[in-house]
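Chains as they are written, first to last, in my numbering: chain A, 1 to 284; chain B, 1 to 57. Note that CB positions come from ideal geometry on N, CA and C, so glycine has one too.
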Amino acid sequence: MQLTILFDRLRWEEKALKKEGENEGCEASLLDAKGLVLEVSTPRKRNGLGDLALQRCISHYRALYLTKILENMSLEVVNSSAVTENCGNKLLTTLLLGKARIPTPKTYIALTPDTVPQAAEALGFPLVMKPMTGSWGRMVSLARDGETLQSMVELREQLQNPAEHMYYLQEFVKRPPRDIRAVVAGDEIAACVYRYAPEGEWRTNVARGGISKAFKPDEELQELIHRAAQAVGGGVLGVDAMESRDGYLIHEVNNTVEFKGAQSATQGSIPRKIIKYVLSRGKK
Amino acid sequence: MNTKCAECDGPINVPNDVIVGEIVSCRDCGVEYEVSEIRGGVALLKPAETVEEDWGE
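The following block contains the structure:
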């Protein structure tokens, strides 16, 4: 079987996935998506792209559009464009988690800057403002009062992208100084770690210096992780959870999951589990 | 396989087993480069893309 691993920034994860693909006996290759030029106005065959593809581009829109093109060529892509779309937009993820009755932090959307104070009044302070697209904790901001929130909104209004002029506001969940990252490959939880925020930081993202420590999730958490993964369409995912006073909350599902941090704290090979799942998708 | 930074002339260490697409950075100024080609055992570099709003997991 020929597996094409698509990337736009080659990291440890992509190299590890290629190595595990080869260990599993498939012909795995790395393909830089930035160099692709694809004719899309007529149906095309997937010449040179193998039997299935693993989408690892870190640019959300590049991953989404390329996956849609490849799917149009009848190529199986993991994750699918639908999953990429669902996870790449925090509003869509929240809608799907809510629809599946999965506990998630209380969230409001204000479609104009003028209605942000109303959403804030409903949520109370402190609250968290997040961009709807983007990751690594970038532009995720904590507002402790109305004045701070107003300043954050004014700054956002200066951005050119009109999507940034709609506001995703979330309750600030009182939790220990850590959150939970589960790496999911199909029906398997490949790894589960606590991510501890570094000193002087409230965000736990590994990209922000968060430290990972493996643990075995209890049954309740396992069930929530599986349900959250299914709610967005399933695949190779990073499901993020928090321990609130009222129980677990799922706050994010990532479609191009980074697992270097989790692997450093985990004994089993995460890329091996991912590759086994991906190859099983190619056999269907 | 070492080379020099186009920005500051500082040293860039390029591992011998580097492959096309990998990112290397200047030890002095931190500018990142992407390996665009390996020709005759020499890694050719181009400036790496900078972080965009939609980058992430």
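Sequence-distant Cβ neighbours of residue 233(A) in its own chain, meaning closer than 8 angstroms and more than five residues away, are 79, 80, 82, 83, 86. For a Cβ distance threshold of 8 angstroms, residue set 57 of chain B lies close to residue 258(A), ordered along the chain. DSSP places residue 202(A) in the coil class of the three-state scheme, outside both helix and strand. Contact between residue 221(A) and residue 207(A) does not hold, since the beta-carbon distance rounds to 23 angstroms and is not under 8 angstroms. Note on geometry: alpha-carbon atoms of residue 135(A) and residue 154(A) lie some 21 angstroms from one another. Interface flag for residue 23(B) against chain A is set, since a Cβ pair is found closer than 8 angstroms.
Judged by DSSP secondary structure, residue 226(A) falls within the alpha helix (DSSP H) whose first and last residues are 219-231.
In chain order, 113, 165 place their CB closer than 7 angstroms to the CB of residue 157(A), counting only its own chain and leaving out the 5 sequence neighbours on each side.
Contact between the region 106-125 of chain A and the region 255-264 of chain A is absent: fewer than three C-beta pairs spanning the two stretches fall below 8 angstroms. Residue 7(B) sits in coil when the DSSP states are folded into three classes, being neither helix nor strand. The continuous alpha helix (DSSP H) containing residue 21(A) extends over residues 12-23. When DSSP reads this structure, residue 241(A) sits in a beta bridge with 180(A), 250(A). Identification of chain A residues near residue 54(B) by a Cβ-Cβ cut-off of 7 angstroms yields 59, 60, 61, 133, 134, ordered along the chain. Around the Cβ of residue 74(A), a 10 Å sphere holds fewer than 16 other Cβ atoms; the residue is exposed. Considering only beta carbons, the part of the region 235-269 of chain A lying closer than 9 angstroms to chain B consists of 238, 252, 254, 255, 256, 257, 258, in chain order. Residue 228(A) places its beta carbon less than 8 angstroms from that of residue 250(A). For residue 53(A), the enclosing beta strand (DSSP E) begins and ends at 52-55. The continuous beta strand (DSSP E) containing residue 30(A) extends over residues 27-32. Assigned with DSSP and collapsed to three states, residue 121(A) falls in helix.
Its chain contains 20 as the residues whose beta carbon lies nearer than 6 angstroms to that of residue 272(A), once the 5 sequence neighbours on both sides are disregarded; these appear in chain order.
In the structure shown, residue 71(A) falls within a helical segment according to DSSP collapsed to helix, strand and coil.
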